[in-house]
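Trainee: Quick note: my numbering has the sequence shown finishing at residue 429, numbered continuously throughout. No residue lacks a Cβ here, since even glycine has one placed at the ideal position from N, Cα and C. Nothing here was measured: the structure is a model prediction, and the numbers come from that model.
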Amino acid sequence: MTQKFQSIKGFYDILPEATPLWFKLEDTARRILGQYGYNNIRMPLVEPTELFVRSVGEHTDIVEKEMYAWEDKLNGDKLTLRPEGTAGCVRAVVEHNLTYNGPQRLWYMGPMFRHENVQKGRQRQFHQIGVEAFGFEGPDVDAEQIVLLARLWQALGIADVELQLNSIGDADERAQYRQTLIAYFEQHADLLDEDAKRRLQSNPLRILDTKNPRMQAMCEAAPKLMDCLGDTSKLHFARLCALLDQAGIAYTINHRLVRGLDYYNRTVFEWVTTKLGAQGTIAGGGRYDTLVERIGGGSATPACGFGIGLERVFLLMQEYGVTASNQADIYLVNVGALAEQKAFTVAESLRSMGLNVVLHAGGGSFKSQMKKADRSGARFAAILGDDEAAANELSLKPMLGQGEQARVSLDQVLNIVQSS
């Protein structure tokens, strides 16, 4: 027998019944991003491996365990399917000197790739919307992006998501805190799991983000990074909180929130929900003021951004009963020699009016075509028989709710459909 292929584990198909809700999610995001003046940028799926090592961090889970990386057998280049979008966006900003004429607000959308354990809301090919702002030093853009997300949740019909907020300061402040944290964890070495022991010297801040129940109380009692912040970082965070208070955005300060990527500094935040089990983070981000310089951008460029996990937002929309459809306005039934001859032209005329029309194809009896019209979910069946074709008319039958079948001219169809 011929081999039957299946999709690769963690790589999945989005089927037609799901795409209307995806369109609603994507179109709503596009609209709101436009309201805030963010412009779309589209980067390649494949980037140099070193870009992610240098930006995301050599000792992060992404670089150590999750990247799809390989050596191009044609020229020896070391390449990686992008595991996240910020590094590629920064690379594009530097390469094309996009900040030459001033600050930039950018966004992108598309698939990312990480070799993770597959769970509900976590796939190996997943989709994100990423938002990045370059050249803005103050906390007003941090606040803008958080408020933008609050507006998006409201527009999508999502409630009960919590904003968690923290400041991880600047590099010298984290270096000081790092030594304090290592000393603390060494005092509690008997409680550290193997993952924490591995991270102790390379990335001790990530231990705070552990999901191991046995380590929770110990991590909760750890010294707080906020206590190591200097006046500038403290002022930045205080001004951010004041702006969020002014906007009416509730938040919780989570001293253990550090995010998983090395490039962050000062503001970090996550929007979380309790309705998706372990995959509770639906968006997260923060500032990365040194990343442009780190990957060859010359002078330091302040920056702030976030990513939205679209699969998780999609699941959350379903959880709240949000629906969408690609319902056709008209299913065009055609029976008879003259009707079949004119059906194609009639369908095009109706589409030119702005209507969504499914033209029945393949022949069949009137009864079988009407069954298909009913199953299509179209709002109206437009019946084109030889009599209607000769008179340049249609018999219009409402398929949903109340209403009588009526024979009308083509010019009347638009008004009837729009007023129903």
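Locate the beta strand (DSSP E) running through Asn274, then write down its first and last residues.
Mentor: The residue given as residue 274 occupies position 265 in the sequence shown. 274-281 is the extent of the beta strand (DSSP E) around Asn274.
Trainee: Within the same chain, show all residues whose beta-carbon is closer than 8 angstroms to that of Met224, passing over the 5 residues directly before and after it, in chain order.
Mentor: One-based indexing of the sequence shown puts residue 224 at position 215. Exclusion of the five residues before and after Met224 leaves Leu200, Leu201, Asp202, Ala205, Ile216 as the residues of its chain whose Cβ lies within less than 8 angstroms of its Cβ.
Trainee: What are the start and end residues of each continuous alpha helix (DSSP H) run of 4 or more residues lying completely inside the stretch 14-78, in chain order?
Mentor: 28-44, 58-64
Trainee: Going by DSSP, which residues form a beta bridge with Lys406?
Mentor: Along the sequence shown, read from residue 1 onward, the residue named residue 406 stands at position 397. In DSSP, Lys406 forms a bridge with Ala390.
Trainee: What is the DSSP secondary structure of Val422, counted as helix, strand or coil?
Mentor: If you number the sequence shown from 1, residue 422 lands on position 413. Correct three-state label for Val422: helix.
Trainee: Let's see if you can read the secondary structure: which residues bound the beta strand (DSSP E) around Ala292?
Mentor: Counted from its first residue, the sequence shown places residue 292 at position 283. Looking at the DSSP string, the run of the beta strand (DSSP E) that includes Ala292 is 290-296.
Trainee: CA-CA distance, Asp181 and Arg100?
Mentor: Walking along the sequence shown from the start, residue 181 turns up at place 172. Walking along the sequence shown from the start, residue 100 turns up at place 91. If I take the Cα positions, the gap works out to 25 angstroms.
Trainee: Is it the case that the stretch 412-422 contacts the stretch 367-377, given that we only count it when at least three CB pairs across the two stretches are under 8 angstroms?
Mentor: With a cut-off of 8 angstroms, the stretch 412-422 and the stretch 367-377 do not count as touching, because too few Cβ pairs lie within range.
Trainee: Between the Cα of Met456 and the Cα atoms of His68, Ala337, Gln44, Gly178, which residue gives the shortest distance?
Mentor: In this structure the chain extends from 10 to 429, so residue 456 is not present and cannot be described.
Trainee: By the 10 Å Cβ neighbour count, where 16 or more other Cβ atoms means buried, how is Tyr109 classified, buried or exposed?
Mentor: Taking the first residue of the sequence shown as position 1, residue 109 is located at position 100. With fewer than 16 Cβ atoms within 10 Å of its Cβ, Tyr109 is classed as exposed.
Trainee: Assuming Gly293 and Gly330 form a contact by the criterion Cβ under 8 angstroms, report the distance between their Cβ atoms to the nearest whole angstrom.
Mentor: Mapped onto the sequence shown, residue 293 falls at position 284. Mapped onto the sequence shown, residue 330 falls at position 321. Not quite, the Cβ-Cβ distance comes to about 25 angstroms (not below 8 angstroms), so this is no contact.
Trainee: Is the number of C-beta pairs between the stretch 176-191 and the stretch 226-239 that are closer than 8 angstroms three or more?
Mentor: yes
Trainee: Locate the alpha helix (DSSP H) running through Tyr186, then write down its first and last residues.
Mentor: Locating residue 186 in the sequence shown gives position 177, where the first residue counts as 1. First-last of the alpha helix (DSSP H) with Tyr186: 180-196.
Trainee: On the DSSP letters alone, give me the boundaries of the beta strand (DSSP E) that Thr332 sits inside.
Mentor: Stepping through the sequence shown from its first residue, residue 332 is reached at position 323. Run containing Thr332: none; DSSP gives neither H nor E here.
Trainee: In chain order, which continuous runs of the beta strand (DSSP E) of length 3 or greater are located wholly inside the stretch 86-126?
Mentor: 87-90, 113-122
Trainee: Rank Thr11, Gln414, Lys376 by C-alpha distance to the C-alpha of Arg388 and give the top, closest one.
Mentor: Counted from its first residue, the sequence shown places residue 388 at position 379. Among Thr11, Gln414, Lys376, the Cα nearest to that of Arg388 belongs to Gln414.
Trainee: Please report the distance separating the alpha-carbon of Pro222 from that of Cys228.
Mentor: Start at 1 with the first residue of the sequence shown, and residue 222 comes out as number 213. Start at 1 with the first residue of the sequence shown, and residue 228 comes out as number 219. Distance between the alpha carbons of Pro222 and Cys228 is about 10 angstroms.
Trainee: Please list the terminal residues of the continuous beta strand (DSSP E) segment that includes Ile313.
Mentor: The sequence position of residue 313 within the sequence shown is 304, counting from 1. In the sequence on display, residue 313 carries Cys and not Ile. According to the DSSP assignment, Cys313 belongs to the beta strand (DSSP E) that extends over 312-318.
Trainee: DSSP on Ser437, reduced to helix/strand/coil?
Mentor: Past the edges of the chain, shown from 10 to 429, lies residue 437, and the structure says nothing about it.
Trainee: Could you tell me which uninterrupted beta strand (DSSP E) segments, each at least 3 residues in length, are contained entirely in the stretch 345-389, listed from first to last along the chain?
Mentor: Every beta strand (DSSP E) stretch that sits fully inside the stretch 345-389 and reaches 3 residues is listed by chain position as 366-368.
Trainee: Just checking, does the stretch 351-371 make contact with the stretch 301-316 on the three C-beta pairs under 8 angstroms criterion?
Mentor: no
Trainee: Identify whether Glu141 lies in helix, strand or coil by the three-state DSSP scheme.
Mentor: Walking along the sequence shown from the start, residue 141 turns up at place 132. DSSP places Glu141 in strand when its eight states are reduced to three.
Trainee: So, Val322 versus Gln378, is the Cβ gap smaller than 7 angstroms?
Mentor: Counting from 1 along the sequence shown, the entry for residue 322 is found at position 313. Counting from 1 along the sequence shown, the entry for residue 378 is found at position 369. No.
Trainee: Would Glu153 pass as a contact of Cys98 if the rule is Cβ separation under 7 angstroms?
Mentor: If you number the sequence shown from 1, residue 153 lands on position 144. If you number the sequence shown from 1, residue 98 lands on position 89. Taking 7 angstroms as the Cβ cut-off, Glu153 and Cys98 do not qualify as a contacting pair.
Trainee: Apart from the five residues just before and just after Pro29, which ones in its own chain have a Cβ nearer than 7 angstroms to its Cβ?
Mentor: Along the sequence shown, one-based indexing puts residue 29 at 20. Excluding residues within five positions, the ones whose Cβ falls inside 7 angstroms are Ala333, Ser334, Asn335.
Trainee: Closest by CA to Pro148, which one among Leu253, Val65, Lys381, Glu93?
Mentor: Position 139 of the sequence shown holds residue 148. For Pro148, the nearest C-alpha among the options comes from Leu253.
Trainee: Taking the continuous alpha helix (DSSP H) assigned at Lys206, which residues delimit it?
Mentor: Translated into positions along the sequence shown, residue 206 becomes position 197. Run containing Lys206: 203-208, per the alpha helix (DSSP H) assignment.
Trainee: Taking 7 angstroms as the limit between beta carbons, can you name the residues of its chain near Leu325, skipping five residues before and five after?
Mentor: Sequence index remark: in the sequence shown, residue 325 carries index 316 (1-based). Once the five neighbours on either side are set aside, the close Cβ partners of Leu325 are Ile167, Thr282, Lys284, Leu285, Ile291.
Trainee: Specify whether the stretch 116-130 and the stretch 69-79 touch according to this definition: at least 3 beta carbon pairs, one from each stretch, less than 8 angstroms apart.
Mentor: yes
Trainee: CA-CA distance, Ser242 and Leu161?
Mentor: Position 233 of the sequence shown, counted from the first residue, corresponds to residue 242. Position 152 of the sequence shown, counted from the first residue, corresponds to residue 161. Roughly 28 angstroms separates the two Cα atoms.
Trainee: Do His245 and Arg268 have their beta-carbon atoms positioned less than 7 angstroms apart in this structure?
Mentor: The sequence position of residue 268 within the sequence shown is 259, counting from 1. The sequence position of residue 245 within the sequence shown is 236, counting from 1. Taking 7 angstroms as the Cβ cut-off, Arg268 and His245 do not qualify as a contacting pair.
Trainee: Taking Arg265 as the reference, give the member of Gly130, Glu328, Thr219 with the closest Cα.
Mentor: Here residue 265 is taken as the residue at index 256 of the sequence shown, counted from 1. If we check each option's Cα against that of Arg265, Thr219 comes out closest.
Trainee: Roughly how many angstroms separate the alpha carbons of Arg303 and Ser64, rounded to a whole number?
Mentor: Reading the sequence shown from its first residue, position 294 is the one you call residue 303. Reading the sequence shown from its first residue, position 55 is the one you call residue 64. Roughly 7 angstroms separates the two Cα atoms.
Trainee: How many Å lie between Thr310 and Val102 at the Cα?
Mentor: Position 301 of the sequence shown holds residue 310. Position 93 of the sequence shown holds residue 102. Going by the C-alpha atoms only, they are around 11 angstroms apart.
Trainee: Give the range of the alpha helix (DSSP H) segment to which Arg303 is assigned.
Mentor: For the purposes of this step, residue 303 is taken as residue 294 along the sequence shown, with counting starting at 1. 300-303 is the extent of the alpha helix (DSSP H) around Arg303.
Trainee: At what residues does the alpha helix (DSSP H) containing Leu252 begin and finish?
Mentor: Here residue 252 refers to the residue found at position 243 when the sequence shown is read from its first residue. Taken as a continuous stretch (DSSP letters only), the alpha helix (DSSP H) holding Leu252 covers 240-256.
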